[in-house]
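Visitor:
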Amino acid sequence: MAAPADSRPLTKKAIQSLLQTTTFGRTLHVLQETASTNGDAMALAQQGAEDGTVVVAERQTAGKGRLGRRWLSPPGDNLYCSVILRRMPTAAELPRWLSMVPLMAAVAVARAVQSVTGLRPSLKWPNDILIGDRKLGGLLCESSVAGPARTFVVIGIGLNVNTERESFPEEIREIATSLAAEAGRPFDRAPLLAALLSELEAHADAILTRPPETFLSGYARLCSTLGRRVRVSLADGKTIEGQADSLAPDGSLRIIRDQVQGGGLLEVRAGDIIHLR
Ligand code: BTN
Numbered sequence: 143m144a145a146p147a148d149s150r151p152l153t154k155k156a157i158q159s160l161l162q163t164t165t166f167g168r169t170l171h172v173l174q175e176t177a178s179t180n181g182d183a184m185a186l187a188q189q190g191a192e193d194g195t196v197v198v199a200e201r202q203t204a205g206k207g208r209l210g211r212r213w214l215s216p217p218g219d220n221l222y223c224s225v226i227l228r229r230m231p232t233a234a235e236l237p238r239w240l241s242m243v244p245l246m247a248a249v250a251v252a253r254a255v256q257s258v259t260g261l262r263p264s265l266k267w268p269n270d271i272l273i274g275d276r277k278l279g280g281l282l283c284e285s286s287v288a289g290p291a292r293t294f295v296v297i298g299i300g301l302n303v304n305t306e307r308e309s310f311p312e313e314i315r316e317i318a319t320s321l322a323a324e325a326g327r328p329f330d331r332a333p334l335l336a337a338l339l340s341e342l343e344a345h346a347d348a349i350l351t352r353p354p355e356t357f358l359s360g361y362a363r364l365c366s367t368l369g370r371r372v373r374v375s376l377a378d379g380k381t382i383e384g385q386a387d388s389l390a391p392d393g394s395l396r397i398i399r400d401q402v403q404g405g406g407l408l409e410v411r412a413g414d415i416i417h418l419r
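Residues 143 to 419 in the working numbering are what the sequence shown lists, from first letter to last.
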């Protein structure tokens, strides 16, 4: 008898039998346990692994989050995966493309979640995946830029799939969620991963071939940060508050700073955003 959907292990056979991609996931490493799938994918890419190579693990012992944080990665319930991206624009377009990749990947994850579950995630700039105000998943993109043949990006995706609300550690229980907690039923992870890889492949092509404005307007439609009052912790340790106004052509977030903080428009390239009421 088949195992219930929520406890079905992730296997290479199950994932690859569902793939509808040309290259993404065709080279696939499925690990029971690893420190970090991003670490593995970076190492594989340094050794020349091809575009679309995927590393997925049942459990990470040192999962990495954005801004030096940890990504809790208990076994069995969730998706932890990393994808190597080597399809590149010209050198002149590389800087803007590099800043688009994390936004593109967030759109791909949101669309995959919606197509498989019917839930409608939004994006907290730059690439947190939310349902309502709770975090469903996140992305960590790491890159190595070293000449055309040796430049790559690793897109790391952590998605809470079947974790029950009570099982989240207390400190994040009120701000985290999972697909199962939202939908009231578990999800099989293999079809979800297959859909995610299809969306990622399509969007990775789209940001190479379509005008950036087209992509950014699609991102903006999913982004729940725009129009909100926000608090931003900047990389230099400063904090600002204001209204998230719009996206700059490179995907930076434009914030109209509160008058008490001196006002004016500020473009934020990297930072941690809190949505204020
Ligand atoms: C965030 O802080 O929101 C980003 C979380 C990214 C976690 C994923 S899990 C798979 C991949 N491997 C890692 O070590 N991190 C990313």
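Using N, Cα and C, we set each Cβ at its ideal position, and we do this for glycine too. Keep in mind it's a predicted model, so treat the numbers as computed, not measured.
Are the segment 300–312 and the segment 211–219 touching, with three or more C-beta to C-beta distances below 8 Å?
Guide: Output reads yes: the segment 211–219 touches the segment 300–312.
Visitor: Is it the case that the segment 317–335 contacts the segment 270–287, given that we only count it when at least three CB pairs across the two stretches are under 8 Å?
Guide: Result yes; three or more Cβ-Cβ pairs closer than 8 Å.
Visitor: Just reading off the alpha helix (DSSP H) that Val-255 is part of, what are its end residues?
Guide: Looking up residue 255 in the sequence shown gives position 113. Element bounds for Val-255: 236–259.
Visitor: State the start and end residues of the unbroken beta strand (DSSP E) segment that holds Val-375.
Guide: Numbered from its first residue, the sequence shown carries residue 375 at position 233. According to the sequence as given, residue 375 is Ser; it is not Val. Looking at the DSSP string, the run of the beta strand (DSSP E) that includes Ser-375 is 371–376.
Visitor: Should Leu-281 be counted as a contact of the ligand BTN given a C-beta to heavy atom distance under 8 Å?
Guide: For this step, residue 281 is matched to residue 139 along the sequence shown. At least one heavy atom of the ligand BTN is nearer than 8 Å to the Cβ of Leu-281, so yes.
Visitor: Any chance the CB of Asn-302 is under 8 Å from a heavy atom of the ligand NAD?
Guide: Within the structure as shown, the ligand NAD is missing, the only ligands being the ligand BTN.
Visitor: Answer yes or no: the CB of Thr-305 versus the heavy atoms of the ligand BTN, is any distance below 8 Å?
Guide: In the sequence shown, residue 305 corresponds to position 163, counting from 1. Answer for Thr-305: no, Cβ out of range of the ligand BTN.
Visitor: One question on the structure: do Asp-400 and Gly-384 come within less than 9 Å of each other, judged by their Cβ atoms?
Guide: Counted from its first residue, the sequence shown places residue 400 at position 258. Counted from its first residue, the sequence shown places residue 384 at position 242. Closer than 9 Å, so yes.
Visitor: So, is Arg-352 buried or exposed, given that buried needs 16 or more other C-beta atoms within 10 angstroms?
Guide: For the purposes of this step, residue 352 is identified with residue 210 of the sequence shown, where counting begins at 1. Exposed.
Visitor: Kindly indicate the opening and closing residues of the alpha helix (DSSP H) around Asp-387.
Guide: Taking the first residue of the sequence shown as position 1, residue 387 is located at position 245. Per DSSP, Asp-387 belongs to no alpha helix (DSSP H); it is in the beta strand (DSSP E), 381–389.
Visitor: Decide if the segment 367–375 is in contact with the segment 334–349; the criterion is three or more beta carbon pairs, one per stretch, under 8 Å apart.
Guide: These segments do not touch.
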